[in-house]
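Undergrad: The structure's right below; bear with me while I get my questions together.
Number of protein chains: 2
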Amino acid sequence: MDADVHTLKIKRPSTPSVAKLQALVAADMNAVNQTIIERMQSPVVLIPELAGHLIASGGKRLRPMLTLGSARLLGYGGTRQFSLAACVEFIHTATLLHDDVVDGSDLRRGQQTANIIWGNKATVLVGDFLFARAFELMVEDGSLRVLRILSRAAATIAQGEVDQLTTTGNLDTTEDRYLEVIIGKTAVLFAAACQVASVIAERDDATEAALESYGRNLGIAFQLVDDAIDYASTADVMGKSAGDDFREGKLTLPAILAYARGNDDERAFWRRTLVRMDRQPGDFEQAVAIMSRRQAVTDTLKRAHLYGERAIDALAVFPDSAAKAALIEAADFTVQRAY
Amino acid sequence: MDADVHTLKIKRPSTPSVAKLQALVAADMNAVNQTIIERMQSPVVLIPELAGHLIASGGKRLRPMLTLGSARLLGYGGTRQFSLAACVEFIHTATLLHDDVVDGSDLRRGQQTANIIWGNKATVLVGDFLFARAFELMVEDGSLRVLRILSRAAATIAQGEVDQLTTTGNLDTTEDRYLEVIIGKTAVLFAAACQVASVIAERDDATEAALESYGRNLGIAFQLVDDAIDYASTADVMGKSAGDDFREGKLTLPAILAYARGNDDERAFWRRTLVRMDRQPGDFEQAVAIMSRRQAVTDTLKRAHLYGERAIDALAVFPDSAAKAALIEAADFTVQRAY
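Quick note, the sequences are listed as chains D and U, same order. Following the numbering used here from start to finish, the first sequence increments by one per residue and tops out at 339. Following the numbering used here from start to finish, the second sequence increments by one per residue and tops out at 1339.
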């Protein structure tokens, strides 16, 4: 255990980052941003105002970067990836707007959320608009295969979000069930973002499957690290602050593992705080302490590592290239941003 | 004025209904209902449970009926209209679910709304699911032209809904602006529902334009009658009870006309009740009385008549048939259900 943490810490000086991928796709991302800004316009001014607040709030644009990086990996020389990357970002943004309404969040990326500024009504409806706009972008692309992948992804995301609601307050949720939930709500869009590059580059099924696997495993790793960060008491990483999930009573893998491994007292603690939502001062600190005792965060990160490795292994079929190195480092970063 | 009301009342004994259209498409509607039930399924049981509550609640399925009736009008002999009609109903249902969250409604079609039974979170997310499922159905149909019409419609609906939010509390909204809003939020889906029949029947642009016009004008008439019914003190028509819009402070054409025509006292009344939302007992009765004095409801219905006539005139290009007669009577019913 200690040795493991030690190993991870040693890597720190050469912390991987998404900088390589960002540099690789910088020019392409300008084209994507252009499309995003153009296509969120509407004669109804509240729409670009509200959508722009979130879109300009400094998200990393990780999902569109994956589409662009995957297109580079395949040496695709066209321009269809720009609008598809914008489409993926619109789907993601629509999801975030609805999530913030659903969770009653007040902060995202360090800024007030749209639901706080403009209210739930406008936020739900602008989310719907962006979602519909995403479909218009896909339809303009004109590939039924792309439409199939992305419309499937959109349905699966919504299904995953509802699925997560139904696990709320159920501490007996198994790790397998939880994986299903996060594949639906997070990993499927990562997978689709990568997969569409293979379709527009007209590559074979094996290529498409490799990119789908890279995206899916990266998405799982991303979500697991996100879950872990929430219980790392000092964390302020990627705009997320510790304790958000705990405060909202969200059931994530660290909590599932801690409950499964807990003694009677600990289980009573989790039932009080995450099921009955009956909170006392110092509860979050105690949650972190129990997590540490049960190695729940550490083991969540170990799982994330595993999926990060799988993502990287999925790229083995591609010859070495700057794009491949950038995608590998992005996967490393996704996993190690928690340390 | 009196003569006009009298004329309308005389028509009552032979009240038009949608029965003819319902009978014409009854067998087709079974196929549509089959598709609806199949495609709202999900391993996440809350989804069919919540969606089924609204879908089974006895809506008239007017929009899918229009798709089926239009396909019959064109003598289309295939089966593609079934999944497209289901798709149109899914888009409509998703919109209703989000509307009920946005408006905080507690009753629809005489039943408790999904947001009251299952909460806002699940209702928003199941709406997203149905919307995504609608796109999957379109993609399966495989026509890019159909995809373009329906994805455009979906974006326009969301835009119209946001637009309506921005007119809330603005009593100076003009009739023209209001028409733009209801074309977006209501008429565009009626239009698309009819228009797609021409695409699958592979008919020419003039046919497509005629069906689009029928649907659009019918949709405008439908919404205007809906607005009028709300201020008809005795109304309990199509599951809607009087006073809903007034209670929610929704700005509709009757209120726009009454305000524009009002004296200082009346305008002060509308500002207090619809802008400041400061309500006193008897306000709704007074609203109805002012409407009557200013002929605001009557004139809203006159406008509805006009659009209903336009819808019927748009069908002039088609030879007489049982389907044409049924679509004409459906337009008559849409306008006259208020009397």
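Backbone N, C-alpha and C fix where the C-beta goes; we use that ideal spot for every residue, glycine too.
1. Taking Cβ to Cβ, would you say F82(D) is nearer than 8 Å to V139(D)?
2. Between the Cα of H1092(U) and those of G1077(U), G1119(U), K1060(U), spot the shortest distance and give me the residue it belongs to.
3. Identify the continuous alpha helix (DSSP H) that holds L144(D) and give its terminal residues.
4. When you check each C-beta in the stretch 128-159 of chain D against every C-beta of chain U, which residues fall closer than 7 Å?
5. Near R203(D), which residues of its chain fall below 7 Å by C-beta distance, leaving aside the five closest residues on each side in sequence?
6. For the alpha helix (DSSP H) that contains I183(D), what are its first and last residues?
7. So V126(D) contacts chain U; which residues on that side make the cut at Cβ distance below 8 Å?
8. If you compare alpha carbons, which of L1218(U), I1200(U), I1256(U), T1334(U) is closest to D1141(U)?
9. Would you kindly work out how many angstroms separate the C-alpha atoms of S143(D) and Q1295(U), rounded to a whole number?
10. Within 8 Å of any Cβ in chain D, is that where the Cβ of L1165(U) sits?
11. Leaving out the 5 sequence neighbours to the left and right, which residues in its chain are closer than 7 Å to M1238(U) when beta-carbon positions are compared?
12. Once the 5 residues before and after A1304(U) are set aside, which same chain residues still bring their CB inside 6 Å of it?
13. Taking CB distances under 8 Å as the criterion, tell me whether L46(D) reaches chain U.
14. Which of the three DSSP states, helix, strand or coil, is assigned to L1074(U)?
15. I want to verify the contact list: residues of chain D whose CB lies under 9 Å from the CB of A1191(U), in sequence order.
16. Tell me whether the beta-carbon of A1102(U) lies closer than 8 Å to the beta-carbon of L125(D).
17. Rounded to the nearest angstrom, what separates D299(D) and L274(D) at their Cα positions?
18. Taking only runs of the alpha helix (DSSP H) that begin and end inside the stretch 252-338 of chain D, which ones reach a length of at least 4 residues, in chain order?
19. Residues of chain D with a CB under 8 Å from the CB of H1098(U): which are they?
20. Report the neighbours of V101(D) on chain U: residues whose CB is nearer than 9 Å to its CB, in chain order.
21. Are there three or more Cβ pairs, one per stretch, closer than 8 Å when the stretch 1148-1166 of chain U is compared with the stretch 1044-1060 of chain U?
22. Please state whether DSSP places L171(D) in a helix, a strand or coil.
23. Just how far apart, CA to CA, sit V45(D) and Q112(D)?
24. Let me make sure I understand the geometry here. Which of E1329(U), I1149(U), L1137(U) has the alpha-carbon closest to that of S1198(U)?
25. Taking G183(D) as the reference, give the member of L218(D), A206(D), T174(D) with the closest Cα.
26. Which complete alpha helix (DSSP H) runs does the stretch 42-88 of chain D hold, if anything under 4 residues is left out?
27. Taking Cβ-Cβ distances shorter than 7 Å, what residues in chain U pair up with S42(D)?
28. Which of the three DSSP states is assigned to R108(D) in this structure?
29. Taking the alpha-carbon positions, what's the W1270(U) to Y1259(U) distance?
30. Can you have a look at N1115(U) and say buried or exposed, based on whether 16 or more other CB atoms are within 10 angstroms of its CB?
31. Is DSSP giving R1247(U) helix, strand or coil here?
32. Tell me which residues share the same chain as R1072(U) and place their Cβ nearer than 7 Å to its Cβ, disregarding the 5 neighbours each side in the sequence.
33. Counting C-beta neighbours from all protein chains within 10 Å, is the total for E212(D) 16 or more, i.e. buried, or is it exposed?
TA: Short version:
1. Contact: no.
2. That would be K1060(U), whose Cα lies nearest to the Cα of H1092(U).
3. First-last of the alpha helix (DSSP H) with L144(D): 144-167.
4. From the stretch 128-159 of chain D, only D128, F129, F131, A132, R133, F135, E136, V139, G142, L144, L147, R148, S151, R152, A154, A155, A158, Q159 have a Cβ closer than 7 Å to chain U.
5. Closer than 7 Å at Cβ, skipping near neighbours: L74.
6. Under the DSSP assignment, I183(D) falls outside any alpha helix (DSSP H); it carries neither an H nor an E label.
7. Near V126(D) (Cβ distances below 8 Å), the residues of chain U are A1158, V1162.
8. Of the candidates L1218(U), I1200(U), I1256(U), T1334(U), the one whose C-alpha sits nearest the C-alpha of D1141(U) is I1200(U).
9. C-alpha separation (whole angstroms): 53 Å.
10. Yes, its Cβ sits closer than 8 Å to a Cβ of chain D.
11. Confidence in M1238(U) is poor, its pLDDT being 48 and thus under 50, which makes the residue's placement unreliable; the coordinate value appears in the next sentence. Within the same chain, M1238(U) has close Cβ partners R1337.
12. Hits under 6 Å: A1221, L1224, V1225, V1335.
13. In terms of beta-carbon proximity, L46(D) lines the interface with chain U, with at least one pair separated by less than 8 Å.
14. It is coil, neither helix nor strand.
15. Those within 9 Å of A1191(U) in chain D number zero; the least Cβ separation is about 16 Å.
16. Note that residue 1102(U) is Val in the sequence shown, not Ala. The answer is yes: Cβ separation under 8 Å.
17. When rounded, the distance between both Cα atoms is 20 Å.
18. Listed in chain order, they are 253-261, 264-270, 283-293, 296-314, 322-336.
19. The answer, in chain order, is V124, L125, D128.
20. What V101(D) touches in chain U: V1101, N1120, K1121, V1124.
21. No contact exists between the stretch 1148-1166 of chain U and the stretch 1044-1060 of chain U.
22. Here L171(D) sits in coil by DSSP.
23. So the two alpha carbons sit approximately 20 Å from each other.
24. Here the closest residue by C-alpha is I1149(U).
25. Note that residue 183(D) is Ile in the sequence shown here, rather than Gly. Considering only alpha carbons, the answer is L218(D).
26. Within the stretch 42-88 of chain D, the alpha helix (DSSP H) runs of at least 4 residues that lie entirely inside it are, in chain order, 46-55, 62-73.
27. Neighbours of S42(D) on chain U, chain order: Q1159.
28. In the displayed model, R108(D) falls within a strand according to three-state DSSP.
29. Their backbone Cα atoms lie some 7 Å apart in a straight line.
30. Buried, because 16 or more other Cβ atoms sit within 10 Å of the Cβ of N1115(U).
31. Secondary structure at R1247(U): helix, using DSSP grouped into helix, strand and coil.
32. Excluding sequence neighbours, R1072(U) sits near L1024, V1025, A1323.
33. By the beta-carbon neighbour count (other beta carbons within 10 angstroms, threshold 16), E212(D) is buried.
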